[in-house]
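Worksheet: the structure to be examined is printed underneath.
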């Protein structure tokens, strides 16, 4: 009868490796099961004003802009102006680490309340605030004029500030103040990424044609035009030169080139609106 001899040390090592593999497998299986049984956080359809597909896709697309254009790092402090119901916050929960932080504010309370209830408990470094700011379209009973509102954060508090489709609903005094506030809360070397409807020779030639979403023909203050004077904050555009001057005056250096959008019917574009990236000097 042949008796198989085994090396006790090798056998012990093999048993130890098997035990480690088993523990690792169990850990992976445990967390996979947790993830499988815990669905993605997302707002209910009745609050999802941009549509289910657009909600998810736009958030992911802008996260890519933040990383590729804005050089956003996972450990940085981020401010989301006009955060809505978490369209940008949700993809950022998978990118920012515990060393990073997110702050968002919006003038529509229902979106903030949802984010506070469903996002912050799972991600304590994500905080949301209601800003009771007047806007004729989105908050007609707001207490504070946007032109006088001070962001509720200390100076030089953030590495990265962004606003998607916010300044496209703000008139000149409001935009002037918000640009000033962005510069105030950014750290030196911090970046901001903001979308606009910018008017230049190309945009003004295209926007009168059928392929344009808007035709900004109504002047509303220096360097500012609106699509509908009866509801001026519905869609607001600025002369590109006006925004450049405003940024320079508040110590924000624009990173060239500006990424122009498709809103006026361009065939070459990055997004729908024009994206301006700048650095705090």
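Numbering (this note's numbering), first residue to last: 2 to 282. Glycine included, every Cβ here is placed at the ideal spot set by N, Cα and C.
Problem - CB-CB length for residue 87 against residue 44, believed under 8 Å - result: As a first step, residue 87 must be located in the chain shown, where it is residue number 86. As a first step, residue 44 must be located in the chain shown, where it is residue number 43. Indeed, because the Cβ distance is near 7 Å, the residues count as touching under 8 Å.
Problem - Whole-angstrom distance between residue 173 and residue 220, CA atom to CA atom - result: Numbered from its first residue, the chain shown carries residue 220 at position 219. Numbered from its first residue, the chain shown carries residue 173 at position 172. Their Cα atoms are separated by approximately 11 Å.
Problem - One or two residues paired with residue 131 in a DSSP bridge - result: Residue 131 sits at position 130 when you count from the first residue of the chain shown. Paired residues: 107.
Problem - 7 Å Cβ shell around residue 35 - same chain, five flanking residues per side excluded - result: Counting from 1 along the chain shown, the entry for residue 35 is found at position 34. Low confidence applies to residue 35: its pLDDT is 32, below 50, so where it sits in the model is not reliable, and the reading given next is rough at best. Counting only Cβ-Cβ distances below 7 Å, and skipping sequence neighbours, we find nothing.
Exercise for the section: Could you check which residue in 121, 165, 78 and 154 has the C-alpha nearest to that of residue 56? Expected result: The count along the chain shown starts at 1 and reaches residue 56 at position 55. It is 165.
Exercise for the section: Rank 191, 198 and 111 by C-alpha distance to the C-alpha of residue 235 and give the top, closest one. Expected result: In the chain shown, residue 235 corresponds to position 234, counting from 1. It is 198 whose Cα lies nearest to the Cα of residue 235.
Problem - Cβ shell of residue 284 (< 6 Å), same chain only, five flanking positions each side left out - result: Here the chain covers residues 2 to 282 and nothing more, so residue 284 does not appear.
Problem - Residues near residue 228 in its chain [Cβ-Cβ closer than 6 Å; skip 5 each side] - result: Position 227 of the chain shown, counting from 1, holds the residue named residue 228. 215, 217 and 236, listed in sequence order.
Problem - Simplified DSSP assignment, three categories, for residue 52 - result: Position 51 of the chain shown holds residue 52. Unreliable positioning characterises residue 52 in this predicted model, as indicated by a pLDDT of 48, which lies under 50. The coordinate reading is nonetheless provided below. DSSP places residue 52 in coil when its eight states are reduced to three.
Practice task
Could you say if the region 121–131 and the region 88–97 meet the contact criterion of at least three C-beta pairs nearer than 8 Å?
Solution key: yes
Exercise for the section: Evaluate residue 195 with the Cβ neighbour count: other Cβ atoms within 10 Å of its Cβ, from every protein chain shown; 16 or more gives buried, anything less gives exposed. Expected result: As a first step, residue 195 is located in the chain shown; it is residue number 194 there, counting from the start. By the 10 Å Cβ count, residue 195 comes out buried.
Handout entry: Cβ-based burial, residue 190 [other Cβ within 10 Å; buried from 16]
Key = Position 189 of the chain shown, counted from the first residue, corresponds to residue 190. Result: exposed.
Exercise for the section: List the endpoints of the continuous beta strand (DSSP E) containing residue 275. Expected result: Reading the chain shown from its first residue, position 274 is the one you call residue 275. From DSSP, the beta strand (DSSP E) with residue 275 extends over 275–281.
Exercise for the section: Return the chain-ordered list of same chain residues with a C-beta closer than 7 Å to the C-beta of residue 130, the five sequence neighbours on each side being excluded. Expected result: Translated into the one-based positions of the chain shown, residue 130 becomes position 129. Counting only Cβ-Cβ distances below 7 Å, and skipping sequence neighbours, we find 106, 113 and 153.
Exercise for the section: My understanding is that residue 77 touches residue 161, with C-beta atoms under 8 Å, so please give their C-beta distance in whole angstroms. Expected result: Position 76 of the chain shown holds residue 77. Position 160 of the chain shown holds residue 161. Correct: roughly 6 Å between the Cβ atoms.
Handout entry: Inter-stretch contact (C-beta, 8 Å, three-pair minimum) for the region 263–277 and the region 198–209
Key = yes
Practice task
Quickly, what does DSSP pair residue 225 with across the bridge? List them, please.
Solution key: In the chain shown, the residue the question calls residue 225 occupies position 224. DSSP, once it has assigned bridges, lists 239 as partnering residue 225.
Exercise for the section: Quick one: give me the first and last residue of the alpha helix (DSSP H) that residue 88 is part of. Expected result: Here residue 88 refers to the residue found at position 87 when the chain shown is read from its first residue. Residue 88 -> no alpha helix (DSSP H), and no H or E assigned at all.
Practice task
Compare the Cα-Cα distances from residue 254 to each of 232, 184, 63 and 61 and report the closest residue.
Solution key: Residue numbering aside, residue 254 sits at position 253 when the chain shown is read from its first letter. Checked all of 232, 184, 63 and 61; the closest Cα to residue 254 is 184.
Handout entry: Beta-carbon proximity check, residue 147 vs residue 175, cutoff 8 Å
Key = Locating residue 147 in the chain shown gives position 146, counting from the first residue. Locating residue 175 in the chain shown gives position 174, counting from the first residue. Cβ atoms of residue 147 and residue 175: closer than 8 Å.
Practice task
Using 10 angstroms around the beta-carbon of residue 99, count the other beta-carbons present and answer buried if the total reaches 16, otherwise exposed.
Solution key: Your numbering for residue 99 matches position 98 in the chain shown. Exposed.
Handout entry: residue 155 burial status per 10 Å Cβ neighbour count (16 or more: buried)
Key = Residue 155 sits at position 154 when you count from the first residue of the chain shown. Answer is exposed; the Cβ neighbour count stays below 16.
Handout entry: Through-space distance from residue 68 to residue 74, alpha-carbon basis
Key = Position 73 of the chain shown, counted from the first residue, corresponds to residue 74. Position 67 of the chain shown, counted from the first residue, corresponds to residue 68. So the two alpha carbons sit approximately 7 Å from each other.
Handout entry: residue 246 burial status per 10 Å Cβ neighbour count (16 or more: buried)
Key = Stepping through the chain shown from its first residue, residue 246 is reached at position 245. Residue 246 is exposed by the Cβ-count criterion.
Practice task
Specify the secondary structure class of residue 158 as computed by DSSP and reduced to three states.
Solution key: Along the chain shown, read from residue 1 onward, the residue named residue 158 stands at position 157. The answer is coil: DSSP assigns residue 158 none of H, G, I, E or B.
Handout entry: Residue environment, residue 24, which counts as buried when at least 16 other CB atoms sit within 10 Å
Key = Indexing the chain shown from 1 puts residue 24 at position 23. With a pLDDT of only 39 at residue 24, under the threshold of 50, the placement of this residue in the model should not be trusted; the figure read from the coordinates follows. Flag for residue 24 reads exposed.
Practice task
List the whole-angstrom C-beta distance separating residue 241 from residue 200, where the pair is believed to meet the contact cut-off of C-beta under 8 Å.
Solution key: The residue labelled residue 241 in the question sits at position 240 within the chain shown. The residue labelled residue 200 in the question sits at position 199 within the chain shown. So it is a contact: roughly 6 Å between Cβ atoms.
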